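For the sequence shown, position 37 matches number 41 in my numbering, and the numbering has no gaps at all.
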Amino acid sequence: MTTAQPVPPSRADMEARFAAILSGSQSRDEVDRWATRTMLDLEGVEVDQAVWWALGIFTGIDLRHGPKEPYLHDDAQVDEWLTQFRERCGIIG
């Protein structure tokens, strides 16, 4: 019996994660853990370059300057990454 190969998230899934962080409907910690787990699961699987780039952004999106300190990357930076993601997908630019 063979194990099914994991299916990478779609570009729409990635855009939804950016939006969830910005709206506060999903915590940065949740997105970081999801992205880290997803990247490990996808080892050896062909993944869309824009999706892989966004996964890399999401790993570490919950980093802070220190305990109870602001995030290293604020919401304005996350919004800029969303714009860059869209450009990578050919949606804008």
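C-beta: ideal position from N, C-alpha, C; glycine also.
Given the structure is predicted, the values throughout are model-derived calculations rather than measurements.
Item to check | At least three beta-carbon pairs within less than 8 Å, the stretch 84-91 to the stretch 35-50 | outcome: By the Cβ criterion, the stretch 84-91 is not in contact with the stretch 35-50, since fewer than three pairs of Cβ atoms, one from each stretch, lie closer than 8 Å.
Checklist entry - Between which two residues does the alpha helix (DSSP H) containing Leu76 stretch? => result In this chain, Leu76 is not harboured by any alpha helix (DSSP H), its DSSP state being neither H nor E.
Checklist entry - How big is the Cα-Cα spacing for Glu73 and Asp45? => result Each residue's alpha carbon lies about 31 Å from the other.
Checklist entry - In chain order, what residues of the same chain have a beta carbon less than 8 Å from the beta carbon of Gln30, not counting five sequence neighbours either side? => result So the list reads Arg21 and Ala24, once near-sequence residues are dropped.
Next on the checklist: To the nearest angstrom, how far is the alpha carbon of Phe62 from that of Pro10?
Outcome noted: The C-alpha of Pro10 is placed about 19 Å away from the C-alpha of Phe62.
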